[in-house]
Structures are given as C-alpha cells and as structure tokens.
Amino acid sequence: MPAKELNKPCMECKDAEFELTVRKRQLCSLCFRRFIAHKVQSRLSVYRAFGLDGPKHQLLLPASLGVSSSVLLHILNSDREHRLSNGRPLGYDFKILVIEPSTIAATGVSFDQNYEALRKHVPAHNITRLPFHSIFDYVPEVKEIMQEYAGSKFIDDSTLSNEERLATFRASISTSTSRTDVDTVLLTRLVVEFAKKSGCESVMWGDSDSRLAAKALAGVAKGRGASLTWQVSDGMSPWGVRFEYPLRDLFKAELLQYASVCAELSDIIIPDQPPSENVLTKNLSIDELMLRYVQNQGAKYPGVMANVARTANKLNPSTSDSAPTCALCGSLLGNVKGNSGVTVANQAEDNHSSQFCYGCMRSRPEELC
C-alpha cells in the first residue's frame, strides 16, 4: 500500500504534516516538542553526566504556574518518566516549590484548581506550597533587615501576623518600581533558603530568553548591573546555591507554542494578564516597561533581543570572597576592590547605606526612584 502523500510534510521527520513554524522550520507537533525539549536537556546535561554512579543531584524548580515554569516542569517530568521507563539513569531529581501567587499580587483570582492539576500531573514529585510571608520563617534575620532598610517608614509590630507584617513593609515602599524590585529580592531569598533547607544544590529558574533580556535591561536601569552574573546567568549565587536558567535558549513565543500542543498544561497554566492600555507609563515599574519592550521588539527582531541575554551571560562575577555584601540582596557593596557595580557615595556618613548596595539604596522609601 503506498504511503499517504503529504501536502506539507514536517521538515524533520517527513512522516507527518507540519503544524508549527519555529525558526523558519516547519515541524509537526512531535518534532517541535523534541526540539524544545532538547534545548532544555542540553542545559542540564552536566547534572546527568556526573550523577550516573553516585547520589542524584537535588535541584529545585520554583513554579509560578505561568507558561515558562510550567513548560520547564513538563519537559523535565517527561524526560524523567521516559528515562525511568527505559531503565536509564537520570543523574538528578528535582523538588517543586509553589509560592502562592495570591500572596504576591492581589489579583482576586483563585489558583487552587491550577495547583491541584499540577499535583495530578506530577504525582511522583514532592510539591511544597508556601505563602510569600513565610519568608519570616525561612529567613529569620529579614525582620531586622526590613527595619534597617525602610527606616522610619516602617515599624515592625511583632504582635501582628507575618502576613500583616509583610504587607505593612511593602506598603512603606511608595513607587511601583521599588515595590517590584524589593519583592523580587525577597522572593529570591525565600526560594534560596527553602532550597538550602531542602538539600538542593541548584535552583532552576523558568526564565525564557525574553524574560532574561528584560531582566538584564531592567537591572542596569535600576543600578543592579553588578548582580546580573546570577540574575540572568548560570552560575553560583551569593548564597552558595547555583542558579540555572534551562530555558535561556528559548523565546516566550516558543514556550506558548509548546503549551498549545500539550493539552495537559491547559489546566495548570495561569494565563498572563493582558497588559492594560489605560495605564500611564509613569505608573509602570521599570521591570514591566522592559518586559513590554522586549516582547514587542522580540517579535520583530528576535536575534537582537537574544543577544541581550547572551551578552549578559558572558559577564564574570567578582572573585573576591572577603568583600562585604548587601544585607538585603547579596550584591557587593560599593567602594570594594573588584566590584564592577556603581559606588555609593558617603557610605561612612550613613549607617544604613553601609549595609545596602546601590541598587537597594535606590529602592529605599527615602529615595526618589
């Protein structure tokens, strides 16, 4: 019986009609999924290679239930199941952390159904669900840091619940850019401490190339250029836990395509809220502005946007182990040999500024950002 004639065969397997176009290649859904998965797996090959005979590497995947982290989770779980079914060693295992979105941003949308769908999708994995205010439990010193950071704008009342204490601190920061910046730092600290207490040596962030490009541009604009070596690059963080970005070779649009051909992800993913056209630019944070810019320009010039993250990934971290670091974000302080960041002037005259880097100083309630 002659083979079925295809009108537009997949350029990879030649056995099916193409369904998706990725980087000028017309692929069927199966070959497209393989292409995306290969990009991720190649980034984690070092853990697979060095964990064959010894104990498995323990990794942590913070899942926001957005498109990027959900796609990363799906790829890693599929790879794990495939290797176990074939009796092949994996070399690493991963834990999943979900920080409740409703405790980060008051959207009024429940995500309980999405969380339950995630649990059903990966029943073999340990999933931990934490509220944002659990940072007081995992980072006990953060209450003193908050008080020093906010100064007279914030009075920590230990009789309040942790949720109320965190809300009071966040309310003391007036601008959207500063709030977003500090929230990102606190979320990172929470994830890191959970990883350390769980015995995980690396954190796998679900940031796409588009997201990393926006973070790089926003980081420079906010005075956090010196911290790009772990905010957008694979390598060791200031807290002794490695940061990995397995999706760094993939654009946000490609992850959306992947999610569209995986029906099981539809119940897990919390869709992105469409950007409001009625919000004034001055009311948007720098992070939101840069993300919008990268998404708009990335559709026209994907290569240019990709070079932003790739260039930032070539930065070398400071080799000074004894240099003082910021109490809040872990970056090197100014006036330190080997620090490529911006120097904070007159540190000796201000006890507060001697503890915080330039980027954190700009986000303090007393500062105009």
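Those letters in the sequence shown? Residues 13 to 381, by my numbering. Idealized CB from N, CA, C, for every residue including glycine. Just so it is clear, the structure is predicted and the values come from calculations on it, not from any experiment.
In the three-state reduction of the DSSP assignment, Leu303 falls in the helix class. Excluding residues up to 5 positions away in sequence, Lys51 lie with their Cβ nearer than 6 Å to the Cβ of Asp261 in the same chain.
The stretch 274 to 287 makes contact with the stretch 125 to 137: 3 or more CB pairs, one atom from each, lie closer than 8 Å. Leaving aside the five residues that flank Ala225 on each side, the residues in its chain whose CB is nearer than 6 Å to its CB run, in chain order, Val306, Met317, Val320 and Ala321. Under the criterion of beta carbons closer than 8 Å, Tyr270 and Val83 qualify as touching, at roughly 5 Å.
Of the candidates Asp124, Leu178, Ala230 and Ser173, the residue whose Cα lies closest to the Cα of Leu296 is Ala230.
Two segments are said to touch when three or more pairs of C-beta atoms, one from each, lie closer than 8 Å; by this definition the stretch 147 to 165 touches the stretch 205 to 220. Beta bridge pairing from DSSP links Pro21 with Glu29.
Its chain contains Ser222 and Met317 as the residues whose beta carbon lies nearer than 6 Å to that of Gly310, once the 5 sequence neighbours on both sides are disregarded; these appear in chain order.
Contact between Val134 and Leu71 does not hold, since the beta-carbon distance rounds to 14 Å and is not under 8 Å. Between the C-alpha atoms of Leu303 and Ala233 there is a straight-line separation of about 13 Å. For Phe255, the beta-bridge partners assigned by DSSP are Val215 and Gly247. A straight-line Cα-Cα distance of about 27 Å links Ala49 and Leu199.
Collapsing the DSSP output to three states places Asp168 in coil. Across the set Pro286, Cys22 and Ser170, the C-alpha of Ser170 shows the shortest separation from the C-alpha of Glu156. If the five residues before and after Met248 are omitted, its C-beta is found closer than 6 Å to the C-beta atoms of Arg254, all from its own chain and listed in chain order. At the C-beta level, Glu29 and Cys40 come within 8 Å of one another. In this structure, Tyr257 places its C-beta atom within 8 Å of the C-beta atom of Asp219. Secondary-structure assignment with DSSP links Val52 through no beta bridge to anything.
In this structure, the alpha-carbon of Val273 lies about 18 Å from that of Leu259. With a beta-carbon spacing of about 6 Å, Leu240 and Leu327 fall inside the 8 Å limit used to define contacts.
Bounds of any alpha helix (DSSP H) do not take in Ile108; it lies within the beta strand (DSSP E) bounded by Tyr104 to Ile111. Across the set Arg35, Lys36 and Glu17, the C-alpha of Glu17 shows the shortest separation from the C-alpha of Asp27. As a beta-bridge residue in DSSP terms, Gln38 pairs with Thr33. Excluding five sequence positions before and after Phe123, the CB atoms of its chain that fall closer than 8 Å to its own CB belong to Leu77, Glu112, Pro113, Ser114 and Ile282, given in chain order. Note on Gly371: 16 or more other CB atoms within 10 angstroms of its CB, so buried under the neighbour-count rule.
Counting only residues of its own chain and dropping the five nearest sequence neighbours on each side, Asn89 has a CB closer than 6 Å to the CB of Val134. Ile87: member of the alpha helix (DSSP H) spanning Val79 to Ser97, first to last residue.
In the DSSP assignment, Thr337 forms a beta bridge with Leu344. Looking at the DSSP output, Gln70 bridges to Asp105. Cβ atoms of Gly103 and Arg55 stay farther apart than 8 Å, at about 14 Å. When DSSP reads this structure, Thr140 sits in a beta bridge with Leu109.
Under the three-state reduction of DSSP output, Thr200 falls in the helix class.
In the structure shown, Ala265 adopts helical secondary structure according to DSSP, grouped into three states.
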